[in-house]
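Worksheet: one structure, shown below.
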Amino acid sequence: MKIASVVRVAACAVLLACGGAAHKPIVSVQLQVTSTNPRVGDTSHVGATPVDAGGLTVQGVQCGFASSNPAIAAVDPSNGTVTALSPGVATVTAQCEDKQATVDITVRPKEVTLTLQKQGTGSGALFASPAGTPNFEPGTSVTVTATPTSGSAFTAWGGACSTTAAPAACTLTLTADTTVIATFDPSETFVSGTWSAAMGSVTDNIGCRYSVSASGVLTLGVVEKSGSVTG
Numbered sequence: 229m230k231i232a233s234v235v236r237v238a239a240c241a242v243l244l245a246c247g248g249a250a251h252k253p254i255v256s257v258q259l260q261v262t263s264t265n266p267r268v269g270d271t272s273h274v275g276a277t278p279v280d281a282g283g284l285t286v287q288g289v290q291c292g293f294a295s296s297n298p299a300i301a302a303v304d305p306s307n308g309t310v311t312a313l314s315p316g317v318a319t320v321t322a323q324c325e326d327k328q329a330t331v332d333i334t335v336r337p338k339e340v341t342l343t344l345q346k347q348g349t350g351s352g353a354l355f356a357s358p359a360g361t362p363n364f365e366p367g368t369s370v371t372v373t374a375t376p377t378s379g380s381a382f383t384a385w386g387g388a389c390s391t392t393a394a395p396a397a398c399t400l401t402l403t404a405d406t407t408v409i410a411t412f413d414p415s416e417t418f419v420s421g422t423w424s425a426a427m428g429s430v431t432d433n434i435g436c437r438y439s440v441s442a443s444g445v446l447t448l449g450v451v452e453k454s455g456s457v458t459g
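Here the sequence shown is numbered in this note's numbering, starting from 229 and rising by one per residue.
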């Protein structure tokens, strides 16, 4: 009995020296990643799970995280939150005691936005091809066309297409947020004026005499503008 008591005391001393009960050996680290290709400004998350030889989670292990290039993808060393900062590739390493695992994070450029605006007193439609959402990958070539409605004319480009002469389509490469403006004006101009005329006199059957005149508003002359659509 005395020998058994000594063994138990020695075992407790060893556990206290090691900081508590020993866990099963870690064989590998499994990673869980919400996104491996975020865009600049987005966040992702890398989770790490240490497992034993049987594939079971080893409890009580604190894992740390590091990025090979924090200027591209910075990572919180304690929780694995990744912040995408600039285009490129960075490797995130999860370290769980003496075992580690890695994942490549490919940061994509931030999308650019194409804004289509109309101005003028006419009406029409603007179309971009490809359509977009209106977000596009940087470097995308887009063709914008303007189509007037009946009674209107497409008269001018503005914004990023100001150097293109209407009514030709405008093609541009999107490298930043871009605005395109199209001006639509009425294509019909009506010339009008008032008129009056003396038409002489008439005598009725009882001898009364009357002067007759007429007046009104005259509208005429339709002038079509270039690029117009008529109904």
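For glycine and all other residues, C-beta sits at the position ideal for the given N, C-alpha and C.
Selection from the options that minimises the alpha carbon distance to residue i
i, options, result
"D461", "G288, Q345, S296", "Here the chain covers residues 229 to 459 and nothing more, so residue 461 does not appear."
"T330", "C398, G308, T343, L342", "G308"
"G348", "S415, S272, T422", "S415"
"P278", "T343, A426, E325, P266", "E325"
"S263", "S296, Q345, V310", "V310"
"T426", "G275, R437, N433, S443", "With the sequence shown as reference, residue 426 is identified as Ala, and Thr is not the correct amino acid for it. For the residues G275, R437, N433, S443, the minimum Cα distance to A426 belongs to S443."
"Q290", "G352, H251, G360, V261", "H251"
"K327", "P366, A353, P253", "P253"
"T377", "N363, A397, L354", "L354"
"K346", "V372, V340, D405, N433", "V372"
"T343", "I333, P337, N363", "N363"
"P337", "D270, T375, T392", "D270"
"A299", "A318, F293, L402", "A318"
"P366", "A396, T401, T391, A394", "T401"
Beta carbon of residue i nearer than 8 Å to that of residue j
i, j, result
"S369", "T399", "yes"
"V268", "A322", "no"
"G360", "S380", "no"
"S314", "V335", "yes"
"V340", "T406", "yes"
Reduced DSSP secondary structure (H/G/I, E/B, other) of residue i
i, result
"V286", "coil"
"S263", "coil"
"V268", "coil"
"D405", "coil"
"N297", "coil"
"S376", "Here residue 376 turns out to be Pro, not Ser, going by the sequence shown. Strand at P376."
"V257", "strand"
"N363", "strand"
"T392", "coil"
"D413", "strand"
Q | At least three beta-carbon pairs within less than 8 Å, the stretch 278-285 to the stretch 299-315 | A | With a cut-off of 8 Å, the stretch 299-315 and the stretch 278-285 do not count as touching, because too few Cβ pairs lie within range.
Q | Inside the stretch 302-355 only - alpha helix (DSSP H) runs reaching at least 4 residues | A | Listed in chain order, nothing qualifies, since the stretch 302-355 has no complete alpha helix (DSSP H) run of 4 or more residues.
(Q) Does the structure place the stretch 370-386 close enough to the stretch 404-417 that three or more beta carbon pairs sit under 8 Å? (A) Segments in contact, yes.
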